[in-house]
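Everything on this sheet refers to the single structure shown next.
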Amino acid sequence: MATPAGNDTVSNTVSTATAISPNDDITAGQRMVSASAGNILTGLLVTPLDVVRVRLQSQTVKSINPSQYTSHTLSSLKNLPPNIGITACCREVFWVGDNAQMCMLGPQGSAISAQAHQAIDWVFALWRGLSPTLMMGIPANIIYFAGYDWLRTDDRSPIKRSVSDVYAPFVAGAIARTAAASATSPVEMFRTRLQATPGTGAGHFKATLQGLHQMTQAQGYASLWRGLSLTMWRDVPFSGLYWWGYEKVKEGLEGARQHAPHLSNSDSEQVSTATAFIDSFIAGATSGSVAALVTTPFDVGKTRQQVYRHMDDHVAPSGPRSTLVPKAIVPEQLSLPKFLMHIFREEGLAGLFSGWAARCLKVAPACAIMISTYELGKRMAREVNDRRHSESS
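Per the numbering used here, the sequence shown starts with residue 988, numbered consecutively.
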């Protein structure tokens, strides 16, 4: 995890006051607006990097002594129908060049057509799925950030009463992420299916709802939370590490500023706002990139298992099960820890950390933009509330 930038003499009071400022005067609606603004900016700027991450992590790394299962996911991907989610979301990005509306995620994928109109389509395809991503991300981030604030600052929070300041950011971040992921899992499922359903226009939304109806009829309403455990394996440790690192880095930045009077003694509110924004940006990027690197194996396992599970997404309630599903247990059907051990044995650390660069390049700016925008929004809301209070008094 990120190492605190300051020395050990900086008090926990400074950490709490700077990383998570007291915000009892900020309403829930103002927090929601701040989180929504950060989510929109993040989605616009970092969505294209997610396509690259998925492509890299869906590949398997060739080993010296590969087993018959090492390339199972990769070989199955080449037989997927065109409306399976992981191919539909990037078919214009990694276009095969024929009439089959699917992308080849293998290392030997074809190059993108050089025609000008296809190049334009390729650029716009980088943001395919942005709307459903925002539809899921806005409520998730509202729950996540507002929940973390409450857990860290509210006197009624059990974490503030029973967990020491050293571990409170980790515990609060993990709990907030668990709540956000659980509450928005059905929306995440809808977003994935919406991206997977071919076509555009008025029938696109209806086709997605029909697909969800068929899935719930065949597998029950609990299927709307399918994949939640995989998400928890990745997101809960990431969130704990991220918030712990974020507060420690901000504590270090504040401590360094206290030891540099020419940086801290400023009467300009504009400079103070800019400094707070920069501190949040640096702390978010630093802690987000380190947390992303540490949790990359969980992201690799989650991606591969979800690709495998997508094979059976469109099976009709009364129809036969897909012939793509093998009778014997394959590694993708194991629990995530066992599956990660399998990847390590067959592909080594290179397999566990495949796509780490793309993941860090996406997560670092995403965390920086999201948290700095959120903190800036709260700061602006606090100033507005102060002005209203002074005018009314």
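Where a beta carbon is used, it is the ideal one built from N, C-alpha and C, also for glycine.
Here the structure is a predicted model, which means the values were calculated and not measured.
- Inclusion of Asp1012 and Asn1372 in the CB contact set at 8 angstroms is warranted, their separation being smaller than that value.
- Minimum Cα-Cα distance from Tyr1229 among the listed residues Lys1289, Val1158, Gln1204 corresponds to Val1158.
- In this structure the stretch 1346-1363 does not lie against the stretch 1317-1326, because fewer than three pairs of beta carbons, one per stretch, are closer than 8 angstroms.
- Burial state of Gly1160 is buried, judged by a 10 Å Cβ sphere holding 16 or more other Cβ atoms.
- For the 8 angstroms CB-CB criterion, Ala1170 and Ala1022 do not form a contact.
- The stretch 1258-1272 and the stretch 1196-1213 do not touch, with fewer than 3 CB-CB distances between them shorter than 8 angstroms.
- Around the beta carbon of Thr1014, fewer than 16 other beta carbons lie within 10 angstroms, which makes this residue exposed.
- Each of Glu1370, Ile1330, Ile1356 was checked against the Cα of Thr1034, and the nearest Cα belongs to Ile1356.
- Taking every protein chain shown into account, the CB of Gln1292 has 16 or more other CB atoms within 10 angstroms, so this residue is buried.
- Counting the other Cβ atoms within 10 Å of the Cβ of Glu1378 gives fewer than 16, which makes it exposed.
- The beta carbon of Ser1359 sits closer than 7 angstroms to the beta carbons of Phe1264, Ser1267, Phe1268, Gly1271 from its chain, once the five residues preceding and following it are set aside; these are given in chain order.
- Rounded to whole angstroms, Leu1196 and Gly1030 show a C-alpha spacing of 24 angstroms.
- One thing to note: Pro1284 has its Cβ no nearer than 8 angstroms to the Cβ of Phe1225.
- In the structure shown, Leu1217 falls within a helical segment according to DSSP collapsed to helix, strand and coil.
- DSSP places Arg1164 in the helix class (H, G or I) of the three-state scheme.
- Each of Met1202, Gly1288, Gln1204, Gln1201 was checked against the Cα of Met1328, and the nearest Cα belongs to Gly1288.
- Judged by DSSP secondary structure, Trp1343 falls within the alpha helix (DSSP H) whose first and last residues are 1343-1379.
- With contacts defined by Cβ atoms closer than 8 angstroms, Ile1125 and Asn1026 form a contacting pair.
- Where Glu1319 is concerned, there is no enclosing alpha helix (DSSP H), because DSSP gives it neither an H nor an E.
- The C-beta of Val1294 has 16 or more other C-beta atoms within 10 Å across all chains shown, which makes the residue buried.
- A check of alpha carbon separations from Asp1222 across Leu1121, Gly1364, His1376, Ala1278 identifies Ala1278 as the nearest.
- Here Ala1368 has Ile1013, Gln1017 as same chain residues with Cβ atoms under 6 angstroms from its own Cβ, once five neighbours each way along the sequence are excluded.
- Of the candidates Thr1120, Gly1207, Lys1235, the residue whose Cα lies closest to the Cα of Pro1156 is Lys1235.
- When DSSP states are grouped into helix, strand and coil, Val1150 belongs to the coil group.
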